[in-house]
Amino acid sequence: MNDKRQVRLNRLAVHRVGNKAKEEGVIASKELVDLRDEQLSDLLTNYFLAPFKQEEFFRFHHVSDIALNEMFAYSALMFTEPQKFLEYSVHVLNHLYEQSDHPKVKSGELYVVLLSGCVMEDDIVDAIGIFKSENKDTFLTFQEEDDDLSMNYHFGVNIKSVDKGCLIFNTEAEDGFRVKIVDANSTDAVFWKEDFLHVTELKDTNFNTKTALNLCKDFSEEVFAQTDSKKAQVDFISRSVDYFSKSETFDLEEFTSSVIDEPETAERFKNYTQAFAEERDIEGFTDFAINKNTVKNMKRKFRNFIKLDTQIEIKFSGYNPEQSEQYVERGFDQERGMHFYKVYFHSES
Numbered sequence: 034m035n036d037k038r039q040v041r042l043n044r045l046a047v048h049r050v051g052n053k054a055k056e057e058g059v060i061a062s063k064e065l066v067d068l069r070d071e072q073l074s075d076l077l078t079n080y081f082l083a084p085f086k087q088e089e090f091f092r093f094h095h096v097s098d099i100a101l102n103e104m105f106a107y108s109a110l111m112f113t114e115p116q117k118f119l120e121y122s123v124h125v126l127n128h129l130y131e132q133s134d135h136p137k138v139k140s141g142e143l144y145v146v147l148l149s150g151c152v153m154e155d156d157i158v159d160a161i162g163i164f165k166s167e168n169k170d171t172f173l174t175f176q177e178e179d180d181d182l183s184m185n186y187h188f189g190v191n192i193k194s195v196d197k198g199c200l201i202f203n204t205e206a207e208d209g210f211r212v213k214i215v216d217a218n219s220t221d222a223v224f225w226k227e228d229f230l231h232v233t234e235l236k237d238t239n240f241n242t243k244t245a246l247n248l249c250k251d252f253s254e255e256v257f258a259q260t261d262s263k264k265a266q267v268d269f270i271s272r273s274v275d276y277f278s279k280s281e282t283f284d285l286e287e288f289t290s291s292v293i294d295e296p297e298t299a300e301r302f303k304n305y306t307q308a309f310a311e312e313r314d315i316e317g318f319t320d321f322a323i324n325k326n327t328v329k330n331m332k333r334k335f336r337n338f339i340k341l342d343t344q345i346e347i348k349f350s351g352y353n354p355e356q357s358e359q360y361v362e363r364g365f366d367q368e369r370g371m372h373f374y375k376v377y378f379h380s381e382s
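Start counting at 1 in the sequence shown, then tack on 33, and there's your number in the numbering used here.
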C-alpha cells in the first residue's frame with residue numbers, strides 16, 4: 034500500500050498453525066492482542082502493510098457460488114460482525130490447517146487483523162489482513178545494569194518481511210472483494226493462493242497491460258527470435274514498450290500498424306493475439322486503458338540487448354526504437370564470412 038498514514042490496527046488475533054501432514058495441530062488464542070501500546074501497533078501495521086507494493090488485485094472465486102468460498106464467507110462475517118472477530122479468526126485458522134497438508138508447508142504464526150482507513154482508489158475502506166510468519170531469526174539482546182553490560186540471544190520473527198499475507202478490502206463484495214496477496218516462498222505458492230484463499234486475478238487495467246506486454250514478449254521470442262537477426266527482435270520490443278509508454282489506451286489495430294511494418298507479420302500478430310486471448314478466456318483484449326505503473330514495472334523483463342558469439346554484447350539504454358533503427362546497422366562481410374553490426378555515434382565516454 035502506498036498511503037498508510039490513515040491506517041489503524043483495530044483488532045488482532047494471533048494463533049499458531051502446524052502442518053497437518055505431520056499432525057502438528059493448532060494453538061488458538063483465547064483473547065485478542067492488546068493494542069493499546071502505540072509503538073507496538075505502529076510496528077505491526079508497518080510489518081503487515083510494507084510488502085504490498087505490487088499492482089495486482091485478485092478476488093475470491095468459486096466455480097459454482099462465491100458464497101461457497103470459505104475465505105470469502107469468513108471475511109464477509111468479520112466485516113459485518115467485528116464483535117465476533119476472535120471467533121471467526123479461529124475458523125480461518127482451522128481452514129488454513131486443513132489446507133496445510135503438504136510436507137513442504139511450514140508451521141508458523143497466523144495473524145488475523147482488522148484494519149481501518151485503507152485507501153482504495155477514491156474511497157476509505159476497512160480491510161482484513163491475514164498473515165503467516167514461518168521463518169525465525171536470531172536476535173542479540175543487551176542488558177545494562179550497575180554500569181555493566183550483559184548479552185543474550187533470542188529467537189523471533191524479523192518484522193522486516195512477511196512470509197505470506199493477503200489484504201481483503203471491504204469493497205466490491207458482490208464480485209468477491211478486492212484482494213492483494215504476497216508470498217515470499219515460491220515452493221508452496223499454490224497452497225497459499227489457490228488452496229487456502231482460492232483467488233483469481235482481477236481483470237483490470239493492470240491485468241490487461243501486463244498480459245498484453247507478456248504477449249509481445251512471447252511473440253518476439255517465438256517469431257522474431259527464430260530469424261537470423263536478433264536486431265529485429267530488439268526493434269519490435271523497443272517499439273512495443275515505446276507504444277505502451279506514450280499511449281493512454283491500447284488499440285490492437287493502431288498498435289499493429291505503428292509497431293509492425295511487414296503486412297505478413299502484422300497479420301500473424303493479430304492471429305497470435307486472438308489465439309492468445311481465447312486460450313486464456315480473456316475478453317475485451319483489443320481495446321483497454323494502459324496502466325503506466327505496470328508498464329514501468331514490466332520493462333525490466335524485456336530483452337534490450339544483443340549477445341554475440343564473439344563474447345561481445347550490444348546493450349541498448351532504455352527502449353527508444355530510434356537507437357536500434359537509426360544508429361545500428363546489421364550486415365554480412367563476404368570476405369570474413371561473418372555478420373557484423375555497425376554503430377553510429379557522435380562522441381564516446
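From the three backbone atoms N, C-alpha and C, an ideal C-beta is built for every residue, glycine too.
Query	Result
List the whole-angstrom C-beta distance separating residue 45 from residue 68, where the pair is believed to meet the contact cut-off of C-beta under 8 Å.	6 Å
Return the first residue and the last residue of the alpha helix (DSSP H) that residue 247 is part of.	238 to 255
Keeping to the same chain, check which residues put their C-beta closer than 8 Å to that of residue 115; ignore five residues upstream and five downstream.	43, 44, 147
In chain order, what residues of the same chain lie with their CB nearer than 7 Å to the CB of residue 237, ignoring the 5 residues before and after it?	90
Would you say residue 139 and residue 167 are within 8 Å of each other, going by their C-beta atoms?	yes
Could you spell out the range, first to last residue, of the beta strand (DSSP E) harbouring residue 171?	170 to 178
Could you check how far apart the C-beta atoms of residue 269 and residue 292 are, in whole angstroms? I think they sit under 8 Å.	7 Å
Use the C-beta contact count for residue 14: other C-beta atoms within 10 angstroms, 16 or more gives buried, fewer gives exposed.	Residue 14 lies beyond the stretch modelled for the chain, which goes from 34 to 382, so this question has no answer here.
My output table needs one value for residue 349: the three-state DSSP class, helix, strand or coil.	coil
What residues are listed by DSSP as bridge partners for residue 181?	178
Give the range of the alpha helix (DSSP H) segment to which residue 320 is assigned.	Counting along the chain, residue 320 falls outside any alpha helix (DSSP H), though it belongs to the beta strand (DSSP E) covering 320 to 322.
List the endpoints of the continuous alpha helix (DSSP H) containing residue 275.	263 to 279
Between 162, 110, 70, 133, which has its C-alpha nearest residue 51's C-alpha?	133
Would you list the one or two residues that DSSP bridges to residue 166?	142
Where do the ends of the alpha helix (DSSP H) carrying residue 302 lie?	296 to 312
Beta-carbon separation of residue 282 and residue 302 under 8 Å?	no
Taking one C-beta from the region 242 to 250 and one from the region 322 to 336 each time, how about it: are there three or more such pairs within less than 8 Å?	yes
Check each candidate in 209, 64, 73 and name the one with the smallest Cα separation from residue 97.	209
Exposed or buried, which one is residue 307 when buried takes at least 16 other CB atoms within 10 Å?	exposed
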